[in-house]
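Asker: Going down the list, the sequences are from chains Z and G. Following numbering that gives the first Met the number 0 from start to finish, the first sequence increments by one per residue and tops out at 367. Following numbering that gives the first Met the number 0 from start to finish, the second sequence increments by one per residue and tops out at 150.
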Amino acid sequence: MALRTEPIVLNIGPQHPSTHGVFRMRVTFDGEVIVGLDPVFGYLHRGFDKLAESRTYTQFIPLTDRLDYLASMSNNFAYCLAVERLAGIEVPERAEYIRVIMAEAMRISSHLMAVGFFLNDCGASVYTPLIYMYREREKLLDLFDMVSGQRLTYNYMRIGGVSHDLPPEFLPALRKFVQEMPAFIDEYDQLLAENEVLLARTKGVGILPRELAINASASGPVLRASGVEWDLRKKDPYSIYARFAFDIPTAETGDSYDRYWVRMQEMRQSVRILEQALAQLPEGPVRAEVPHLVRPPRGEVYSRIEAPKGELGFYIVSDGSVAPYRLHVRGPSFINLTALREMCLGWKLADAIAILGSLDIVMGEVDR
Amino acid sequence: MALVIRHAFRPIITTQYPEERLVPSKRIRAPQLVWEEERCTVCATCAKACPQGNITIVSESLPGNKYGMKHLEIDHGRCMFCGLCVEACPFDAIHLGRDYEQATYRRSQLVLTRDEVRLSEKRKASGYFRPRFEAEMPPQTLLVYGEKKGK
């Protein structure tokens, strides 16, 4: 006679450290196997989309920092691009380069954290890389601190450019970082690529098939790991990305290991872009002549960038006043969670934690 | 073993706070605002620029068709130190501060009035958006790339 089993429902989160903030998964188990999973959001809800309506266009920039707080500069960038497109503002050349430098440095910093925490989620035996990656991120935070005076919420970009020019000591430090970084990425590869624990925990686990990834509107490294060559920097170039040579790393299977691998390769490409941007950086003003209160004409705009986590879009409706009439954020972390249930079904509890870690979510962006 | 020995002779990058302190960025946006009375014209542009509405300014008429500051109150407890008030000020009268140790026992102690936010020897201004202060500040200690640690 077969052993009679009953499904059991287990809450993981919202305060569990491996749920990356305040995410809650209501998981149904049959024995040890996951048979159902409901993501529950909203524990960090702050109403950013609505707050924008009571603030001027400039006053909303510091709030965008708080969306994806591991990639604040990218959020600033996406929002400022949207407003500039709406108001028809031309950004000076030097400011464009500074923005790209910041966005790519931010991508490296965000991916370092993504990979580090993913490996941490996989178990304490691969904890060392997280500490290594904090070491590299520290250098970037020093640079951001030098430029903007903060280490997390930078509020650096402005409509029509950036708030300050780079300080004189910034460029030598960044050049040094760009020279050193490839060796450090090699070091991580050496540590991890043949790590048996990592391979056993991630190879073939949590597969996101190509069709499902597209249908679930996944973007960023999650989509590219499933074999879709889609990067907005190449496919819908914004700012000055068309001037740089870089590749779009893609993988085939779409498992947790591929998502990790794609992020590692993207860091190498970001270093390449940084090298080129540093070589081409022109002199000149860093901020266009923009009135203190920006009043875009009546109309609407959807503008998107390739943020570290995927397609970050801002949809703004303007009624011609100093504040947006409506604003909506398309946060990549939120959309990438759509396919989590399908990825986790049939796996065990520890795998669900690793799969969630490989998606790289930041709850500030999910709940908004 | 070679790895252990190599690491043992590396420079230590941890800082023994509070005995040891790093020099912050020249543009540090530390949790305080600093106000210069001589430059202020009570135009309240800073109050309008604040996304949170933390700055309260009440003006008063003075003899000779002039305006003076009757009351200034800044709620540092709700401030996010974005620096938009500093950028908005047309007369360079409000700055961000340098002192990053601002813990208090009660939230009400974070609401500061005009005498408490005034620029002084104790309450120094940061170089954020203010090149005249940036010039006199010591170079930032870089945690990893720094040649040697500051005090």
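For each residue, glycine too, the CB sits at the ideal point set by N, CA and C.
Just by C-beta distance, which residues in the stretch 4-36 of chain G are closer than 9 Å to chain Z?
Answerer: Per Cβ criterion, the list reads I12, P23, S24, K25, R26, I27, R28, A29.
Asker: Please return the same chain residues whose Cβ sits closer than 6 Å to the Cβ of G30(Z), not counting the five positions on each side in sequence.
Answerer: The sequence position of residue 30(Z) within the first sequence is 31, counting from 1. Cβ neighbours of G30(Z) beyond the five flanking positions: T4.
Asker: Roughly how many angstroms lie between the CA atoms of R98(Z) and R45(Z), to the nearest whole one?
Answerer: To locate residue 98(Z), count along the first sequence from 1; it is residue 99. To locate residue 45(Z), count along the first sequence from 1; it is residue 46. Whole-angstrom Cα-Cα distance: 27 Å.
Asker: Taking Cβ positions, are L339(Z) and L358(Z) nearer each other than 8 Å?
Answerer: On the first sequence, position 340 is the one that residue 339(Z) refers to. On the first sequence, position 359 is the one that residue 358(Z) refers to. Yes, Cβ-Cβ distance for L339(Z) and L358(Z) is below 8 Å.
Asker: Going straight from the alpha carbon of R297(Z) to that of W229(Z), what length do you get?
Answerer: Counting from one through the first sequence, the residue named residue 297(Z) turns up at place 298. Counting from one through the first sequence, the residue named residue 229(Z) turns up at place 230. If I take the Cα positions, the gap works out to 32 Å.
Asker: Can a CB atom of chain G be found closer than 8 Å to the CB of M445(Z)?
Answerer: The shown model of chain Z, from 0 to 367, leaves out residue 445(Z), and the question about it has no answer.
Asker: Label Y99(G) either buried or exposed according to how many other C-beta atoms from any shown protein chain fall within 10 Å of its C-beta, with 16 as the threshold for buried.
Answerer: Along the second sequence, read from residue 1 onward, the residue named residue 99(G) stands at position 100. So Y99(G) ends up on the exposed side.
Asker: In angstroms, rounded to a whole number, what distance separates the CA positions of P295(Z) and V26(Z)?
Answerer: Walking along the first sequence from the start, residue 295(Z) turns up at place 296. Walking along the first sequence from the start, residue 26(Z) turns up at place 27. About 47 Å.
Asker: Determine the contact status of P138(G) and E137(Z), defining contact as a CB-CB distance below 8 Å.
Answerer: Taking the second sequence and counting its residues from 1, the one referred to as residue 138(G) is at position 139. Taking the first sequence and counting its residues from 1, the one referred to as residue 137(Z) is at position 138. No, Cβ-Cβ distance for P138(G) and E137(Z) is not below 8 Å.
Asker: Tell me which residues share the same chain as E59(G) and place their Cβ nearer than 8 Å to its Cβ, disregarding the 5 neighbours each side in the sequence.
Answerer: Along the second sequence, read from residue 1 onward, the residue named residue 59(G) stands at position 60. Excluding positions up to five away in sequence, the list reads Y66, G67, M68, K69.
Asker: Applying a beta-carbon distance threshold of less than 9 Å, which residues of chain Z neighbour Y104(G)?
Answerer: By one-based count along the second sequence, residue 104(G) stands at place 105. Near Y104(G) there are no residues of chain Z at all, since even the closest Cβ is about 25 Å away, more than 9 Å.
Asker: Using a Cβ cut-off of 8 Å, pull out every chain G residue sitting near T4(Z), in sequence order please.
Answerer: Translated into positions along the first sequence, residue 4(Z) becomes position 5. In chain order: nothing, as chain G lies at least about 48 Å away.
Asker: Per the contact definition of three or more C-beta pairs closer than 8 Å, is the stretch 117-131 of chain G in contact with the stretch 85-92 of chain G?
Answerer: Yes, the stretch 85-92 of chain G is in contact with the stretch 117-131 of chain G.
Asker: Am I right that Y96(Z) and A244(Z) are in contact with their C-beta atoms under 8 Å? What's the rounded C-beta distance?
Answerer: Within the first sequence, residue 96(Z) is the residue found at index 97, counting from 1. Within the first sequence, residue 244(Z) is the residue found at index 245, counting from 1. In fact, because the Cβ distance is near 15 Å, the residues do not count as touching under 8 Å.
Asker: For chain Z, find out if any of its Cβ atoms is closer than 8 Å to the Cβ of K150(G); answer yes or no.
Answerer: Indexing the second sequence from 1 puts residue 150(G) at position 151. Summary for K150(G): the model assigns pLDDT 37, below 50, so the residue's position carries little reliability; its value from the coordinates is reported in the next sentence. Output row for K150(G): interface = no.
Asker: Let me know the secondary structure DSSP gives H327(Z) once reduced to three states.
Answerer: Stepping through the first sequence from its first residue, residue 327(Z) is reached at position 328. Here H327(Z) sits in strand by DSSP.
Asker: Could you spell out where the alpha helix (DSSP H) holding P171(Z) opens and where it closes?
Answerer: By one-based count along the first sequence, residue 171(Z) stands at place 172. That run of the alpha helix (DSSP H) goes 169-191.
Asker: What residues in its chain sit with their C-beta under 8 Å from that of I100(Z), if we drop five residues either side in the sequence?
Answerer: As a working note, residue 100(Z) is residue 101 in the first sequence. The answer, listed in chain order, is L173, L273, A276, L277, L280.
Asker: Compare the Cα-Cα distances from W346(Z) to each of E83(Z), I206(Z), R54(Z) and report the closest residue.
Answerer: Here the question's residue 346(Z) lines up with position 347 in the first sequence. The shortest C-alpha separation from W346(Z) is found at I206(Z).
Asker: Check whether the Cβ atoms of I334(Z) and S216(Z) sit closer than 8 Å, and answer yes or no.
Answerer: Counting from one through the first sequence, the residue named residue 334(Z) turns up at place 335. Counting from one through the first sequence, the residue named residue 216(Z) turns up at place 217. Yes.
Asker: Taking 8 Å as the threshold (beta carbon to beta carbon), is K347(Z) in contact with chain G?
Answerer: Locating residue 347(Z) in the first sequence gives position 348, counting from the first residue. So no, K347(Z) is outside the interface.
Asker: Taking the alpha-carbon positions, what's the I78(G) to R122(G) distance?
Answerer: In the second sequence, the residue the question calls residue 78(G) occupies position 79. In the second sequence, the residue the question calls residue 122(G) occupies position 123. Strictly speaking, residue 78(G) in this sequence is Cys, with Ile absent from that position. Answer to the nearest angstrom: the Cα atoms are 18 Å apart.
Asker: Within its chain, find whatever has a CB closer than 7 Å to the CB of V300(Z); leave out the 5 residues flanking it on each side and keep chain order.
Answerer: For the purposes of this step, residue 300(Z) is identified with residue 301 of the first sequence, where counting begins at 1. Same-chain partners within the cutoff: A81, R84, L85, I315.
Asker: Suppose contacts are defined by Cβ-Cβ distances below 8 Å. Is E305(Z) in contact with R232(Z) by that definition?
Answerer: Locating residue 305(Z) in the first sequence gives position 306, counting from the first residue. Locating residue 232(Z) in the first sequence gives position 233, counting from the first residue. A contact, by the Cβ cut-off of 8 Å.
Asker: Would you mind sorting L151(Z) into buried or exposed? The rule is 16 or more other CB atoms within 10 Å of its CB.
Answerer: For the purposes of this step, residue 151(Z) is identified with residue 152 of the first sequence, where counting begins at 1. Classification for L151(Z): exposed.
Asker: If you reduce the DSSP assignment to three classes, tell me which class K147(G) lands in.
Answerer: To locate residue 147(G), count along the second sequence from 1; it is residue 148. Because K147(G) sits at a pLDDT of 49, beneath the cut-off of 50, its placement in the model cannot be relied upon, and the following sentence gives the value as read from the coordinates. DSSP places K147(G) in coil when its eight states are reduced to three.
Asker: So the alpha helix (DSSP H) L85(Z) belongs to, where does it begin and stop?
Answerer: The sequence position of residue 85(Z) within the first sequence is 86, counting from 1. That run of the alpha helix (DSSP H) goes 71-86.
Asker: Between the alpha carbons of D188(Z) and K202(Z), how many angstroms are there, rounded?
Answerer: Residue mapping note: residue 188(Z) aligns to position 189 of the first sequence, counting from 1. Residue mapping note: residue 202(Z) aligns to position 203 of the first sequence, counting from 1. Distance between the alpha carbons of D188(Z) and K202(Z) is about 16 Å.
Asker: Roughly how many angstroms lie between the CA atoms of K150(G) and P23(G), to the nearest whole one?
Answerer: Taking the second sequence and counting its residues from 1, the one referred to as residue 150(G) is at position 151. Taking the second sequence and counting its residues from 1, the one referred to as residue 23(G) is at position 24. No answer about K150(G) holds up, because its pLDDT of 37 lies below 50 and its placement is not dependable.
Asker: Please list, in chain order, all residues of the same chain as S320(Z) whose beta carbon is under 8 Å from its beta carbon, the five residues on each side excluded.
Answerer: Residue numbering aside, residue 320(Z) sits at position 321 when the first sequence is read from its first letter. So the qualifying residues of the chain are R294.
Asker: With a threshold of 6 Å on Cβ separation, who are the neighbours of R106(Z) within its own chain once the five nearest residues in sequence on each side are excluded?
Answerer: Taking the first sequence and counting its residues from 1, the one referred to as residue 106(Z) is at position 107. Correct list, in chain order: S269, P307.
Asker: Note down, in chain order, each residue of its chain lying with its Cβ closer than 7 Å to the Cβ of F143(Z), except the 5 sequence neighbours on either side.
Answerer: Indexing the first sequence from 1 puts residue 143(Z) at position 144. Cβ neighbours of F143(Z) beyond the five flanking positions: R150, Y153.
Asker: What are the residues of the stretch 54-78 of chain G that lie near chain Z, defined by any Cβ-Cβ distance shorter than 8 Å?
Answerer: Within the stretch 54-78 of chain G, no residue has a Cβ that lies closer than 8 Å to any Cβ of chain Z.
Asker: Cα-Cα, which of T57(Z), S225(Z), D246(Z) is closest to K234(Z)?
Answerer: Here residue 234(Z) is taken as the residue at index 235 of the first sequence, counted from 1. The candidate whose alpha carbon is nearest that of K234(Z) is D246(Z).
Asker: For E103(Z), count the other beta carbons within 10 Å of its own beta carbon; 16 or more makes it buried, fewer makes it exposed. Which is it?
Answerer: Counting from one through the first sequence, the residue named residue 103(Z) turns up at place 104. Label assigned to E103(Z): buried.
Asker: So is C39(G) buried or exposed if we call it buried at 16+ other beta carbons inside 10 Å?
Answerer: Counting from one through the second sequence, the residue named residue 39(G) turns up at place 40. Label assigned to C39(G): buried.
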